[in-house]
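Report on one structure; see the data block that follows.
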Amino acid sequence: MPNSWRTYIWKVGVRVRVDENGIEGRDEIGLCIREVVVGKRSTEIRNNVKKWRNVALQAISEGGSSDKNIRQLVSTLDNSKIRK
């Protein structure tokens, strides 16, 4: 999954900028960590992490979308096995 999804779509991270050599430097990484932990966006990031965590838990719980899809896949595979 590209970092841009986490940063711009899900809003659960910050973008690390690279230097002129394409390297993510120690100072830049430190700035990003501080932004996530105590920066002005830290509360927003934490709230988004909790939101996506809950969405994922619902999907994998019984009756959730992932649960339904796995059951459907198993059923399809079982049916194709019977036909052969």
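Quick note, my numbering runs 1 ahead of the 1-based positions in the sequence shown.
Even for Gly, the Cβ is constructed at its ideal location relative to N, Cα and C.
- Non-local beta-carbon contacts of G14 in its own chain, meaning distances under 6 angstroms to residues more than five positions away in sequence, involve R7 and T8 in chain order.
- C-alpha of L58 to C-alpha of L74: approximately 20 angstroms in a straight line.
- Residue environment for I46: buried (at least 16 other C-beta atoms within 10 angstroms of its C-beta).
- V13 carries a coil assignment under DSSP once its states are collapsed to helix, strand and coil.
- Here DSSP, grouped into helix, strand and coil, assigns K41 to coil.
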